[in-house]
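Colleague: Numbering (our numbering), first residue to last: -1 to 148. Here it is: the structure, laid out below.
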Amino acid sequence: GIPYAQITVGVPKEIFANERRVALTPAGVQALIKQGFNVAVETGAGEAAQFSDADYRAAGATIADKKAAFGADIVLKVRAPVALAEAGRHEAELLREGSTLVSFVYPAQNPELLKLLAGRHASVLAMDQVPRVTIAQGYDALSSMANIAG
């Protein structure tokens, strides 16, 4: 396999309207850094969740621009990639060819997004498709979010 030290995890800023979550907290960054990964967090990615760039930097992340966060080997997002304000552009187009996206994707509702991701030869882990069974409980983001929401 590839040594973790050669893998960069990117955390772009969520741009979906009213989204306040971030895909990775500074504590999560610290855990990945401890395992040997590199982490690139887009400037301001944690602001809506009350995490500053300084918090991420202190955890060991590199603060980067949008292009670098999406250009990582593994990209973590809360919401599925969306169209950018720039006419004719989409977040999915910023993914590096052959990268991995971990996000809520809702593939059945987003066939056009799947086409864009396939065009980037991206591997996708749709967190909304992780089964709600005991063996996968540690990865069940839907239940975790429901518990937090109340």
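For every residue, glycine included, the Cβ atom is placed at its ideal position computed from N, Cα and C.
(1) From residue 97 to residue 6, what distance separates their C-alpha atoms?
(2) Check whether the Cβ of residue 45 lies closer than 7 Å to any heavy atom of the ligand GDP, and answer yes or no.
(3) Measure the CB-CB distance between residue 10 and residue 59 and report whether it falls below 8 Å.
(4) Taking the alpha carbon of residue 108 as the reference point, which residue from 47, 81 and 3 has its own alpha carbon closest?
(5) Could you tell me the distance, in whole angstroms, from the CA atom of residue 110 to the CA atom of residue 91?
(6) Closest to residue 95 by CA distance: which of 21, 46 and 117 is it?
(7) The alpha helix (DSSP H) spanning residue 110 covers which residue range?
(8) Apart from the five residues just before and just after residue 114, which ones in its own chain have a Cβ nearer than 8 Å to its Cβ?
(9) Just grab the DSSP bridge partners of residue 100 for me.
(10) In whole angstroms, give me the CA-to-CA distance for residue 19 and residue 29.
(11) Determine the extent of the beta strand (DSSP E) in which residue 38 is found, giving its start and end residues.
(12) Span of the beta strand (DSSP E) holding residue 80?
(13) Residue 53 and residue 41: beta carbons closer than 8 Å?
(14) Applying the criterion that 16 or more other CB atoms from any shown protein chain within 10 Å of the CB defines a buried residue, is residue 72 buried or exposed?
Modeller: Based on what the coordinates show:
(1) Taking the straight line joining both Cα atoms gives about 10 Å.
(2) As for the ligand GDP, it is missing from this structure, which has no ligand bound.
(3) No, the pair does not count as a contact, with Cβ atoms beyond the cut-off.
(4) Of the listed residues, the one whose Cα sits closest to residue 108 is 81.
(5) Looking at the two C-alpha atoms, the distance is approximately 12 Å.
(6) Ranking 21, 46 and 117 by Cα distance to residue 95 puts 117 first.
(7) Here the alpha helix (DSSP H) through residue 110 covers 109 to 117.
(8) Only 79, 88, 90 and 91 meet the Cβ criterion.
(9) Beta-bridge partners of residue 100 (DSSP): 74 and 123.
(10) Looking at the two C-alpha atoms, the distance is approximately 19 Å.
(11) Per DSSP, residue 38 belongs to the beta strand (DSSP E) from 36 to 40.
(12) Run containing residue 80: none; DSSP gives neither H nor E here.
(13) Their beta carbons are not under 8 Å apart, which means residue 53 does not touch residue 41 by this criterion.
(14) By the neighbour-count rule (16 or more Cβ atoms within 10 Å), residue 72 is buried.
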